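Reading the sequence shown from the start, the letters are residues 27 to 573 in the numbering used here.
Written below as structure tokens is the structure these notes are about.
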Amino acid sequence: MIGRVLPVGEDGLLVEVETADAVAAVAQTARSRLVAGTGTGTGTGTGTCTDADTDTDASAAWSAREIVPGATTVLIDGIEGVDRDALAVEIPRWEVASLAGGDGPLVEVPIAFDGPDLDAVASLWGVEAEVVIERLLATELLVAFSGFAPGFPYLTGLPDAWAVPRRASPRTRVPAGALGLAGAYAGIYPRESPGGWQLVGRAVDVTLWDSLREPPALLAPGVRVRLVDAGARAATSSSTAPAAVPAAAQSEPSHALEVVRAGALTTIQDSGRRGHAHLGVPRSGAADGPARERANALVGNEADAAVLETTLDGCAIRVRAPAVVAVTGATAPVWVGDVPAPHGSPLRLAAGQVIEIGTADAGLRSYLAVRGGVAVEPVLGSRSTDVLSGLGPAPLRDGDALPVGTAASLDHEGFARLRALAAAQVPEREEPASASAVCLRVLPGPRGDWFAPAALETLRSATYEVSGDSNRVGVRLAGPALERAATAELASEGMVLGAIQVPPSGQPVIFLADHPTTGGYPVIGVLDADSAARAAQLRPGDRVRFV
Numbered sequence: 027m028i029g030r031v032l033p034v035g036e037d038g039l040l041v042e043v044e045t046a047d048a049v050a051a052v053a054q055t056a057r058s059r060l061v062a063g064t065g066t067g068t069g070t071g072t073g074t075c076t077d078a079d080t081d082t083d084a085s086a087a088w089s090a091r092e093i094v095p096g097a098t099t100v101l102i103d104g105i106e107g108v109d110r111d112a113l114a115v116e117i118p119r120w121e122v123a124s125l126a127g128g129d130g131p132l133v134e135v136p137i138a139f140d141g142p143d144l145d146a147v148a149s150l151w152g153v154e155a156e157v158v159i160e161r162l163l164a165t166e167l168l169v170a171f172s173g174f175a176p177g178f179p180y181l182t183g184l185p186d187a188w189a190v191p192r193r194a195s196p197r198t199r200v201p202a203g204a205l206g207l208a209g210a211y212a213g214i215y216p217r218e219s220p221g222g223w224q225l226v227g228r229a230v231d232v233t234l235w236d237s238l239r240e241p242p243a244l245l246a247p248g249v250r251v252r253l254v255d256a257g258a259r260a261a262t263s264s265s266t267a268p269a270a271v272p273a274a275a276q277s278e279p280s281h282a283l284e285v286v287r288a289g290a291l292t293t294i295q296d297s298g299r300r301g302h303a304h305l306g307v308p309r310s311g312a313a314d315g316p317a318r319e320r321a322n323a324l325v326g327n328e329a330d331a332a333v334l335e336t337t338l339d340g341c342a343i344r345v346r347a348p349a350v351v352a353v354t355g356a357t358a359p360v361w362v363g364d365v366p367a368p369h370g371s372p373l374r375l376a377a378g379q380v381i382e383i384g385t386a387d388a389g390l391r392s393y394l395a396v397r398g399g400v401a402v403e404p405v406l407g408s409r410s411t412d413v414l415s416g417l418g419p420a421p422l423r424d425g426d427a428l429p430v431g432t433a434a435s436l437d438h439e440g441f442a443r444l445r446a447l448a449a450a451q452v453p454e455r456e457e458p459a460s461a462s463a464v465c466l467r468v469l470p471g472p473r474g475d476w477f478a479p480a481a482l483e484t485l486r487s488a489t490y491e492v493s494g495d496s497n498r499v500g501v502r503l504a505g506p507a508l509e510r511a512a513t514a515e516l517a518s519e520g521m522v523l524g525a526i527q528v529p530p531s532g533q534p535v536i537f538l539a540d541h542p543t544t545g546g547y548p549v550i551g552v553l554d555a556d557s558a559a560r561a562a563q564l565r566p567g568d569r570v571r572f573v
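Right under this line is the structure:
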């Protein structure tokens, strides 16, 4: 049942499974071994595992950040408490019990079959549109895995003979609730997004994703799905997904920060969401995690406290009560009012004062921490804004007000200790002024064997330039194309932070904090943690080399 077990970056393993039907069983076996914790894969966080009956180094208790089923793989990411290589040896010896078919809950989804590609699918199948509808209504489907967006189900059960290609030109807007076909899968879009699937209908009177519901995904892995004719309801109803809540709507005006200037993109970020990737929820969190942690340390916060992440041109924030703040990350001018202030050092502000971060001189993202942390309501365990899925608070706008958490008062001695911490900290990473390119360290793939030998050499010898269409999802690079040895389409599989994914163009993309949880392009390598944070500070035009 279990095939190869491939290393993924510093702390991940990709388990290849012989059949798609066995993916759920292997994922369930992995989750069952994560006990005595809060339960990775249940939607709440990590867990630990004790393999008491083994005689390898993998017998120690271990934990994982995520367990992510794919089409024919299971990703175990963020492994701790055990030697990763020893665990890779142990996994093929796991006793994996097959899951009985039909055990999962059954959800009926009303569908209005009025999709713009219904006739095209009928033509591909060589039948009339009515026959397509009849076949879909008669077929029980199964959610094999989630990905692309929170709550997006990859539905299996369609015969291989019904497989259809994706559209040659993806749509820039697919409405929430759209039912699409691609390959041998069906899927229902939980929210409006771009997409290339063949659209044959739309879900009616169902909410596919609700972050306040448990579980938040109506169609989670293992759920059986039966499509039913929406009938008379079709004309007036459609499926929608909740939008991000404006940060200002969550504020406590008596004790808050006021956004004077939001800048190009300022978001709230903590350490991100964990334990939900199997539902298609990205990790999010600060793109440059170490910079966020430094900012929190400088004001005496817990490392996980939420901060503001700015992009390129900074922001301006007024404090409504006395506050201690600090700015880290990209090298940028800092002012309190019109007085220059130090970067990377705690600052005391009186009520009404404004701290402003200017346009970055080097790097891209700055971090503003306030003692007590930004205290908006968490969504799925995190206060982070996710620009890919829309989860969490919306990006900040001028005039927003943000609540601040409570913190112990800071006397002169306590503030002096924070100042001493700033003086003792290692300066934030900087490339020498003479450096021609930022160097990023690459670890194994897992799909290096999908590329020609020359591609690996090119990756480590060529210089790439950062494209202007990069964002918190990923850094797009331009340079020598990486030639593939395998031309087949990769079945969707779990993705990790720092993955270097290579689409058909051969131009690599580095995944950042808001990356999708699964992807269908091969990953030639994965950045180590420090390099992934360094990549988050790359700006358009910067040059990159991989080592």
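Glycine included, C-beta positions come from ideal geometry on N, C-alpha and C.
Nothing here was measured: the structure is a model prediction, and the numbers come from that model.
Candidates the options, of which the one nearest residue i by Cα
i, options, result
"Gly545", "Leu553, Ala539, Pro529, Val552", "Pro529"
"Ala323", "Tyr211, Gln451, Leu162", "Gln451"
"Val41", "Gly141, Ile102, Glu328", "Ile102"
"Ala449", "Gly370, Arg565, Leu516, Gly203", "Gly370"
"Arg569", "Glu491, Ser531, Val522, Ala511", "Glu491"
"Ala347", "Arg30, Asp426, Arg374, Leu184", "Arg374"
"Ala401", "Pro191, Glu328, Gly355, Ala97", "Glu328"
"Gly384", "Arg299, Gly418, Ile343, Ala377", "Ile343"
"Ala175", "Arg560, Asp556, Ser149, Met521", "Met521"
"Pro191", "Ala559, Trp223, Asp540", "Trp223"
"Ile159", "Ala290, Ile137, Ser172", "Ile137"
"Pro131", "Glu166, Ala504, Pro142, Val153", "Glu166"
"Gly500", "Pro534, Ala514, Ala511, Asp475", "Pro534"
"Tyr215", "Asp255, Ala562, Arg252, Gly306", "Gly306"
Start-to-end residues for the alpha helix (DSSP H) that takes in residue i
i, result
"Thr484", "479–487"
"Pro95", "From DSSP, Pro95 is part of no alpha helix (DSSP H) but of the beta strand (DSSP E) over 92–95."
"Thr182", "Segment 179–182 is the beta strand (DSSP E) holding Thr182; no alpha helix (DSSP H) there."
"Gly604", "Outside the shown range of the chain (27 to 573) lies residue 604, about which nothing can therefore be said."
"Thr292", "Neither: Thr292 is in no alpha helix (DSSP H) and is coded neither H nor E."
"Val158", "155–164"
"Ala51", "49–58"
"Leu538", "First-last for Leu538: undefined, no H or E at that position."
"Pro316", "315–325"
"Gly551", "No alpha helix (DSSP H) holds Gly551; the beta strand (DSSP E) holding it covers 549–553."
"Arg574", "Missing from the structure shown is residue 574; the chain here goes from 27 to 573 and no further."
"Arg443", "438–450"
Local Cβ density within 10 Å of residue i, reported as buried at 16 or more and exposed below that
i, result
"Ser408", "buried"
"Leu39", "buried"
"Glu121", "exposed"
"Thr432", "exposed"
"Glu439", "exposed"
"Arg30", "exposed"
"Arg299", "buried"
"Pro372", "buried"
"Ser435", "exposed"
"Gly363", "exposed"
"Gly257", "exposed"
"Pro472", "buried"
"Ala23", "Absent from the structure is residue 23, since the part of the chain shown begins at 27 and ends at 573."
"Leu238", "exposed"
"Pro316", "buried"
Residue span of the beta strand (DSSP E) that contains residue i, given as start and end
i, result
"Asp103", "99–103"
"Asp255", "250–255"
"Leu469", "468–470"
"Ser493", "No beta strand (DSSP E) contains Ser493, which DSSP labels as neither H nor E."
"Leu32", "28–34"
Which residue spans inside the segment 505–536 form an unbroken beta strand (DSSP E) run of at least 3? As summarised for the segment 505–536, the continuous beta strand (DSSP E) elements at least 3 residues long and confined to that stretch are 525–527, given in chain order.
Which runs of the beta strand (DSSP E) spanning at least 3 residues fall entirely within the segment 337–422, listed in chain order? 342–345, 349–357, 360–362, 365–367, 373–375, 380–383, 388–396
Segment contact flag, the segment 480–492 with the segment 394–412, C-beta cutoff 8 Å, min 3 pairs: With the cut-off at 8 Å, the segment 480–492 and the segment 394–412 do not touch.
As an exercise, report each continuous beta strand (DSSP E) stretch of at least 3 residues that is fully enclosed by the segment 194–236, in chain order. Entirely contained in the segment 194–236, the beta strand (DSSP E) runs reaching 3 residues are, in chain order, 197–200, 204–208, 211–214, 219–221, 224–229.
The segment 356–363 / the segment 380–394 touching (three or more Cβ pairs under 8 Å): yes
Between the segment 391–400 and the segment 413–433, do at least 3 Cβ pairs fall closer than 8 Å? Short answer: they touch.
Spell out a yes or no on whether the segment 89–104 and the segment 44–57 are touching, meaning 3 or more CB-CB pairs, one atom from each, closer than 8 Å. yes
Every unbroken beta strand (DSSP E) inside the segment 130–155 [3 residues or more]: 132–138
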